[in-house]
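Residue numbers (the working numbering): 2 to 225. Heads up, the beta-carbon is just placed ideally off N, CA and C, and yes, glycines get one too. Data first, discussion second: the structure below is written as structure tokens.
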Ligand code: SF4
């Protein structure tokens, strides 16, 4: 089976097991702040931190003007609070300086590649965060690669072992049909968290094991 066929089959199988999440779109500044908060923590903790943040600082201007230490105190449940507080404040200042207001709607007028580059000028914003903002908030044709998507797609053999997460964005965008980006992103993360874990992946119970390069190699090795 060619990689493209494997991708279609993977999307269909994971859709049946994990469901077909709908892309709703949203405010890109909210998505950016939420994504910075979500780095290296659980969804529940970053959601709690986001909620606390908007309670304490109900406007972007209030958040931008707050001291880093005050922001960090409010978001401490999300971990790396000082670093994240600095990134959030820097991002809001950067957007306002460049655009004259804290609003990212103009990104819709840029190409995907230019919009991603624009976002990545901000400290703490790499290709994953930029792609999440563009896909989740603006429904743009980009495929975000986080640590789970990177690990799982390497094991499945869609990208090589040596491909970095950064390089994987463009390679996977070319391989995966754009209408599948959101569902596949969400469901590969779920597979990565629940089954294809970094340590001891549960290959025997994985719905993709007959499509997986890693499983094929390890099973052959185990027989010898
Ligand atoms: S078969 Fe194993 S390595 Fe391959 S995707 Fe499933 S859990 Fe991951």
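CB-CB length for residue i against residue j, believed under 8 Å
i: residue 139; j: residue 26; result: 7 Å
i: residue 146; j: residue 175; result: Incorrect: roughly 13 Å between the Cβ atoms, too far for contact.
i: residue 172; j: residue 187; result: Not quite, the Cβ-Cβ distance comes to about 19 Å (not below 8 Å), so this is no contact.
i: residue 92; j: residue 46; result: Contact flag wrong, Cβ pair sits at about 20 Å.
i: residue 212; j: residue 31; result: Actually they are not in contact, since the Cβ atoms of residue 212 and residue 31 sit about 36 Å apart, beyond 8 Å.
i: residue 206; j: residue 196; result: 7 Å
i: residue 149; j: residue 190; result: 5 Å
i: residue 113; j: residue 142; result: 6 Å
i: residue 98; j: residue 69; result: Residue 98 to residue 69, Cβ: 17 Å. No contact.
Rounded C-alpha distance that separates residue i from residue j
i: residue 111; j: residue 118; result: 10 Å
i: residue 72; j: residue 198; result: 33 Å
i: residue 193; j: residue 214; result: 15 Å
i: residue 51; j: residue 76; result: 7 Å
i: residue 169; j: residue 144; result: 9 Å
i: residue 162; j: residue 43; result: 26 Å
i: residue 35; j: residue 7; result: 32 Å
i: residue 19; j: residue 203; result: 16 Å
Cβ neighbours of residue i in the same chain (closer than 6 Å, five flanking residues each side left out)
i: residue 66; result: none
i: residue 13; result: none
i: residue 158; result: 214
i: residue 216; result: 204 and 210
Candidates the options, of which the one nearest residue i by Cα
i: residue 134; options: 151, 149, 107 and 158; result: 107
i: residue 84; options: 164, 37, 10 and 94; result: 37
i: residue 156; options: 132, 136, 200 and 88; result: 200
i: residue 41; options: 203, 129, 24 and 61; result: 129
i: residue 125; options: 105, 89 and 218; result: 89
i: residue 62; options: 103, 116 and 120; result: 103
i: residue 5; options: 218, 177 and 219; result: 177
i: residue 127; options: 33, 204 and 19; result: 33
i: residue 154; options: 123, 209 and 121; result: 209
i: residue 74; options: 29, 60 and 54; result: 54
i: residue 236; options: 28, 39, 137 and 59; result: Not covered by the structure: residue 236. The range shown for the chain is 2 to 225.
Start and end residues, alpha helix (DSSP H) containing residue i
i: residue 119; result: 113 to 120
i: residue 7; result: 4 to 19
i: residue 35; result: 29 to 39
i: residue 139; result: No alpha helix (DSSP H) contains residue 139, which DSSP labels as neither H nor E.
i: residue 159; result: Careful: residue 159 lies outside any alpha helix (DSSP H) and carries neither H nor E.
i: residue 128; result: 128 to 133
i: residue 55; result: 44 to 57
i: residue 71; result: 69 to 75
Nonlocal neighbours in the same chain, by C-beta distance under 8 Å from residue i, ignoring five residues either side
i: residue 16; result: 184 and 188
i: residue 2; result: 10 and 212
Same chain, Cβ closer than 7 Å to residue i, neighbours up to 5 away in sequence not counted
i: residue 24; result: 140 and 183
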